[in-house]
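**Q** Before I ask anything, let me first share the structure, which is written out below as structure tokens.
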Amino acid sequence: MPLYEFMCAKCGSREEVFSRTVQTDIVAPKCAHAGKEPGHDMRRIVSKFAQHKTMADQLAEAEAKFGQEVDAAMGPEPDVGRLARRYESLAKDLPE
Ligand SMILES: [Zn+2]
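In structure tokens, the structure reads:
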């Protein structure tokens, strides 16, 4: 089931037309600006191919894009040993 893409020759707005069958004479949609001024004719364009990525690819991409930002927001890693000793000393006075 193909998806046809159209782009306005004047303003560049894009529309997608979904079709249940492969058609050679598909009717172009109207540009949202058509009627207000001439020249907003939609022309069919070549669609980009979908690229399927694995979860590992998506994670690597997210790490490259947001990794530094997330690290900055999280701050330095906690000293787990120091926290454990602190909780242990605080827990000494607690009743059973
Ligand atoms: Zn237009």
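Just so we're aligned: 100 in our numbering is position 96 of the sequence shown, and the numbers increase by one with no gaps anywhere.
Backbone N, C-alpha and C fix where the C-beta goes; we use that ideal spot for every residue, glycine too.
Bear in mind that the values here come from a model prediction, so they are computed numbers and not experimental data.
Beta-carbon within less than 6 Å of GLY43's beta-carbon, same chain only, minus the 5 sequence neighbours each way: which residues are those?
**A** Taken in chain order, the residues that qualify are LYS14.
**Q** Taking the DSSP output, what are the residues bridged to VAL21?
**A** VAL21 is bridged to TYR8.
**Q** At what residues does the alpha helix (DSSP H) containing LEU87 begin and finish?
**A** Element bounds for LEU87: 84–95.
**Q** Is the beta carbon of PHE10 less than 7 Å from the beta carbon of MET59?
**A** No, the Cβ-Cβ distance between PHE10 and MET59 is not below 7 Å.
**Q** Skipping 5 residues on each side, what residues in its chain have a beta carbon closer than 7 Å to that of ILE30?
**A** TYR8, VAL21 and SER23.
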